[in-house]
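Chains as they are written, first to last, in the working numbering: chain A, 1 to 388; chain B, 389 to 735.
#1: Hey, how far is the Cα of residue 280 (chain A) from the Cα of residue 634 (chain B)?
#2: Using 10 angstroms around the beta-carbon of residue 645 (chain B), count the other beta-carbons present and answer buried if the total reaches 16, otherwise exposed.
#3: Of all the residues that make up the segment 79-90 of chain A, which are near chain B by a beta-carbon distance shorter than 8 Å?
#4: Go through its chain and collect everything with a Cβ distance to residue 443 (chain B)'s Cβ below 6 Å, but skip five positions before and after it.
#5: Looking at the secondary structure, which residues open and close the beta strand (DSSP E) in which residue 663 (chain B) lies?
#6: Along the segment 4-33 of chain A, where does the CB come closer than 9 Å to a CB of chain B? Name the residues.
#7: In three-state terms, what does DSSP make of residue 469 (chain B)?
#8: Which residue's Cα is closest to the Cα of residue 392 (chain B): B:491, B:631, B:495, B:463?
#9: Which residues in the same chain as residue 303 (chain A) place their Cβ atom closer than 6 Å to its Cβ, once the five residues preceding and following it in sequence are excluded?
#10: Looking at the structure shown, is residue 522 (chain B) part of a helix, part of a strand, or coil, going by DSSP?
#11: Output the distance between the C-alpha atoms of residue 427 (chain B) and residue 396 (chain B), rounded to the nearest integer angstrom.
#12: For residue 479 (chain B), name the three-state secondary structure that DSSP assigns.
#13: For the beta strand (DSSP E) containing residue 52 (chain A), list its first residue and its last residue.
#14: With distances taken from CA atoms, which of A:263, A:365, A:266, A:327 is nearest residue 277 (chain A)?
#15: Determine, using beta carbons only, whether residue 591 (chain B) and residue 498 (chain B) come nearer to each other than 9 Å.
#16: Report the neighbours of residue 246 (chain A) on chain B: residues whose CB is nearer than 8 Å to its CB, in chain order.
#17: For residue 9 (chain A), does the three-state DSSP call read helix, strand or coil?
#18: Beta carbon of residue 340 (chain A), beta carbon of residue 54 (chain A): below 9 Å?
#19: Note down the Cα distance separating residue 363 (chain A) from residue 522 (chain B), rounded to an integer number of angstroms.
#20: Quick check: residue 563 (chain B) and residue 554 (chain B), are their CB atoms within less than 9 Å of each other?
#21: Can you list, in chain order, the residues of its chain whose CB lies under 8 Å from that of residue 78 (chain A), leaving out five sequence neighbours each side?
#22: I need the DSSP call for residue 513 (chain B), collapsed to helix, strand or coil.
#23: Does the pairing of the segment 285-299 of chain A with the segment 403-419 of chain B give three or more beta-carbon distances under 8 Å?
#24: For residue 617 (chain B), name the three-state secondary structure that DSSP assigns.
#25: Since residue 725 (chain B) and residue 607 (chain B) should fall inside the 8 Å C-beta cutoff, what is the C-beta to C-beta distance between them, to a whole number of angstroms?
#26: Would you tell me roughly how many angstroms separate the C-alpha atoms of residue 182 (chain A) and residue 664 (chain B), rounded to the nearest one?
#27: Short check: CB of residue 64 (chain A) to CB of residue 513 (chain B), under 9 Å?
#28: Once the 5 residues before and after residue 70 (chain A) are set aside, which same chain residues still bring their CB inside 7 Å of it?
#29: Does the CB of residue 630 (chain B) have a neighbour CB from chain A at under 9 Å?
#30: Counting only beta-carbon atoms, is residue 389 (chain B) nearer than 9 Å to chain A?
#31: Provide the residue(s) that pair with residue 396 (chain A) in DSSP beta bridges, ordered along the chain.
#32: Would residue 96 (chain A) and residue 483 (chain B) be called neighbours here (beta carbons separated by less than 9 Å)?
#33: Using the C-alpha atoms, what's the distance from residue 308 (chain A) back to residue 318 (chain A)?
#34: Comparing alpha-carbon positions, which option in B:723, B:722, B:696 lies nearest residue 714 (chain B)?
#35: Identify the continuous alpha helix (DSSP H) that holds residue 318 (chain A) and give its terminal residues.
#36: Would you call the segment 368-378 of chain A and the segment 654-671 of chain B in contact, with 3 or more CB pairs under 8 Å?
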């Protein structure tokens, strides 16, 4: 029994900003979805089902917002599915949508992920009430900083590596018209001089709070044949989860991330990710997660990830560009951030990434994670269909 | 692509008015053990896990992450979550099995409505700009629908009372309300207490399996012959509240109209909604509706829809049904509806 190949034929994003006061939540998602349809040269009527994802409903104060969004996303009379897997949700949502095509349940599916962080305060939305969480663990940075310290201690990485990542990603963002942060005067010195927020994470090594949405049109082989522009083909996709807290957990390099990557590589026939994969859009909300995930995803041996970063391998013109779009460090509408990684990977293999295009990108990995580094979703997309 | 997929096991908790002494995880754990015990499977044997729950009931973001700890996701598992009723988690798992990525799936969902005012909480799922600020609660919205049905001549108050009475005349020991339950006073006219669902806490779980694996795990698998779900417009003003076109379309796509069913488990939290669903699903008097008592006997939010599928499947497992329909709903006044058609092997 074979699965239907899944193609990305439409991609749309909003210009991500701190506050989109000019649109409602419905207006925001519709903007991204409309652009994805335009890219695929399809209309709302061509869509068989809609799959929506976002991070906690508390971020906008709307419970199960997909109900209210049914009209705006042209879903009336259609199946509409809502996914929520914490920070990995944007990636998971794309995978759930892709599976509808792969299983031949639907021919063409619209998938949308969003966050309108300006409608509330994400830091407090994530800070759970005592006694369920220890005091002074404010926001995601408070949770992840100790794991970054553990990484530094374990690998002996010099404390300059994080700022290199931030400096690179913010420069990459200047080439991406949809990125939230466009810091034209960015310098490495400015990153290193920025205030310490959660030691060792500095202000400029932290993701912004963004309003934004991302959408993709996923379709089958027949749909791809009708598409006006090159398709990105899904060569592998997987999700893995592990518990939040338990004695055996490696918070620096979680087993779920390793297993998820291994599953994707197996599906895609990737023997050596460092050699076989051309570029990566990875979920790096705090700069140090680039070297950490380079190891977790198998691009570097344990303890060696920071050396790839330090040597410039992950620069836009490096041997393994990472976060060509500017990444989560430059744009973070939380629920959409994972889908943006997946979509940017697809843009690269379609050759449509504009100024931040990597020449000859044929196989690109999109990566997302969430919760306490416990939920992972990834896909590998290629410029050629599987089995071709 | 054809691949036969079946519900091979179902378990649920007692549905209780309050479970103050239990966390969600503590409420869920025995149900997970129960459903796995029925198949002899362990967490590590399961190919895909999917759950349904809602942060707004739990009162905290990422509430489902703790339930995952209860599942015992180690070594890491292939897993996903829908922020809605577990019936939609089952749908996601069904597509995962269809694509051949997994041969078995664990689906679970849970909800505690007792800690807060569920009528107030549900107002937060309405259009956040124009409707939610007015705080129209779920009973008031259902009452609009009930009155529309009465005005259209589709039902009357005594008929609605009969639905409540019949629903609670169930031998389902898990149900929250059983036996002779007074119809009570008006909550919001024309709905009385007896027309409204009890507020309660509960959890449910289902195991799905494909093909031969299903036959190994269950002596009479409940084969999913079709499953589909559809959504309608959110605004009540643009919908005919006396009808449910999304239910009808989902049923058609699920193959419900191809042959008659003998049993229907309907997720109708209000008596008046059973009237709407019976019409949309063309159920006549020969169909046994809600032998479990349905949502009027027990309505644990986010689990009540999955329980409908589980109850329908369990009747097939026990040989009490050959072809059953299960329905789940989400959103105000039946905005989103899922229909599954389950069949046992011929006897």
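For glycine and all other residues, C-beta sits at the position ideal for the given N, C-alpha and C.
According to the data block:
#1: Residue 280 (chain A) sits at position 280 when you count from the first residue of the first chain. Residue 634 (chain B) sits at position 246 when you count from the first residue of the second chain. Those two C-alpha atoms are separated by around 41 Å.
#2: Along the second chain, read from residue 1 onward, the residue named residue 645 (chain B) stands at position 257. It is exposed - the Cβ of residue 645 (chain B) has fewer than 16 other Cβ atoms within 10 Å.
#3: 79, 80, 81, 82, 83, 84, 85, 86
#4: Counting from 1 along the second chain, the entry for residue 443 (chain B) is found at position 55. Excluding residues within five positions, the ones whose Cβ falls inside 6 Å are 449, 451.
#5: As a position in the second chain, residue 663 (chain B) is number 275, starting the count at 1. Residue 663 (chain B) -> not in any beta strand (DSSP E); alpha helix (DSSP H) instead, spanning 659-668.
#6: 4, 24, 25, 26
#7: Working through the second chain from its first residue, we reach residue 469 (chain B) at position 81. Strand, per DSSP.
#8: As a working note, residue 392 (chain B) is residue 4 in the second chain. When each option's Cα is compared against that of residue 392 (chain B), the closest is B:491.
#9: Sequence index remark: in the first chain, residue 303 (chain A) carries index 303 (1-based). Hits under 6 Å: 155.
#10: Looking up residue 522 (chain B) in the second chain gives position 134. In this structure, residue 522 (chain B) counts as helix in the three-state DSSP scheme.
#11: Working through the second chain from its first residue, we reach residue 427 (chain B) at position 39. Working through the second chain from its first residue, we reach residue 396 (chain B) at position 8. Residue 427 (chain B) and residue 396 (chain B): Cα-Cα distance of roughly 8 Å.
#12: Start at 1 with the first residue of the second chain, and residue 479 (chain B) comes out as number 91. Three-state DSSP puts residue 479 (chain B) in a helix.
#13: Along the first chain, read from residue 1 onward, the residue named residue 52 (chain A) stands at position 52. Boundaries of the beta strand (DSSP E) around residue 52 (chain A): 49-53.
#14: Reading the first chain from its first residue, position 277 is the one you call residue 277 (chain A). When each option's Cα is compared against that of residue 277 (chain A), the closest is A:365.
#15: Counted from its first residue, the second chain places residue 591 (chain B) at position 203. Counted from its first residue, the second chain places residue 498 (chain B) at position 110. Yes; because the gap between Cβ atoms is below 9 Å, this pair is in contact.
#16: Against the first chain, residue 246 (chain A) aligns to sequence position 246. For residue 246 (chain A), the neighbours in chain B by C-beta distance under 8 Å run, in chain order, 457, 462.
#17: Sequence index remark: in the first chain, residue 9 (chain A) carries index 9 (1-based). Reduced to three states, the DSSP call for residue 9 (chain A) is strand.
#18: As a first step, residue 340 (chain A) must be located in the first chain, where it is residue number 340. As a first step, residue 54 (chain A) must be located in the first chain, where it is residue number 54. Cβ distance not < 9 Å, so residue 340 (chain A) and residue 54 (chain A) don't count as in contact.
#19: Translated into positions along the first chain, residue 363 (chain A) becomes position 363. Translated into positions along the second chain, residue 522 (chain B) becomes position 134. Each residue's Cα considered, the two are about 51 Å apart.
#20: What you label residue 563 (chain B) is simply residue 175 of the second chain in a count that begins at 1. What you label residue 554 (chain B) is simply residue 166 of the second chain in a count that begins at 1. No; because the gap between Cβ atoms is not below 9 Å, this pair is not in contact.
#21: Residue 78 (chain A) sits at position 78 when you count from the first residue of the first chain. Same-chain partners within the cutoff: 47, 48, 49, 50.
#22: Against the second chain, residue 513 (chain B) aligns to sequence position 125. DSSP places residue 513 (chain B) in coil when its eight states are reduced to three.
#23: no
#24: On the second chain, residue 617 (chain B) is found 229 positions in, with the first residue counted as 1. Residue 617 (chain B): strand per DSSP, three-state reduction.
#25: Residue numbering aside, residue 725 (chain B) sits at position 337 when the second chain is read from its first letter. Residue numbering aside, residue 607 (chain B) sits at position 219 when the second chain is read from its first letter. Residue 725 (chain B) to residue 607 (chain B), Cβ: 31 Å. No contact.
#26: Within the first chain, the letter at position 182 stands for residue 182 (chain A). Within the second chain, the letter at position 276 stands for residue 664 (chain B). Their backbone Cα atoms lie some 54 Å apart in a straight line.
#27: For the purposes of this step, residue 64 (chain A) is taken as residue 64 along the first chain, with counting starting at 1. For the purposes of this step, residue 513 (chain B) is taken as residue 125 along the second chain, with counting starting at 1. Contact flag set, yes.
#28: Here residue 70 (chain A) refers to the residue found at position 70 of the first chain. Hits under 7 Å: 76, 80.
#29: Locating residue 630 (chain B) in the second chain gives position 242, where the first residue counts as 1. For residue 630 (chain B), not one C-beta of chain A is nearer than 9 Å to its own C-beta.
#30: Translated into the one-based positions of the second chain, residue 389 (chain B) becomes position 1. Low local confidence applies: a pLDDT of 48 at residue 389 (chain B) is under 50, so the model's placement there is unreliable, and no value is given.
#31: What the structure shows of chain A is the stretch from 1 to 388, and residue 396 (chain A) is not part of that stretch, so it cannot be assessed.
#32: As a working mapping, residue 96 (chain A) is identified with position 96 in the first chain. As a working mapping, residue 483 (chain B) is identified with position 95 in the second chain. Contact: yes.
#33: Taking the first residue of the first chain as position 1, residue 318 (chain A) is located at position 318. Taking the first residue of the first chain as position 1, residue 308 (chain A) is located at position 308. Distance between the alpha carbons of residue 318 (chain A) and residue 308 (chain A): 10 Å.
#34: Taking the first residue of the second chain as position 1, residue 714 (chain B) is located at position 326. Nearest option by C-alpha distance: B:696.
#35: Position 318 of the first chain, counted from the start, is the residue given in the question as residue 318 (chain A). That residue, residue 318 (chain A), is in no alpha helix (DSSP H); it is neither H nor E in DSSP.
#36: no
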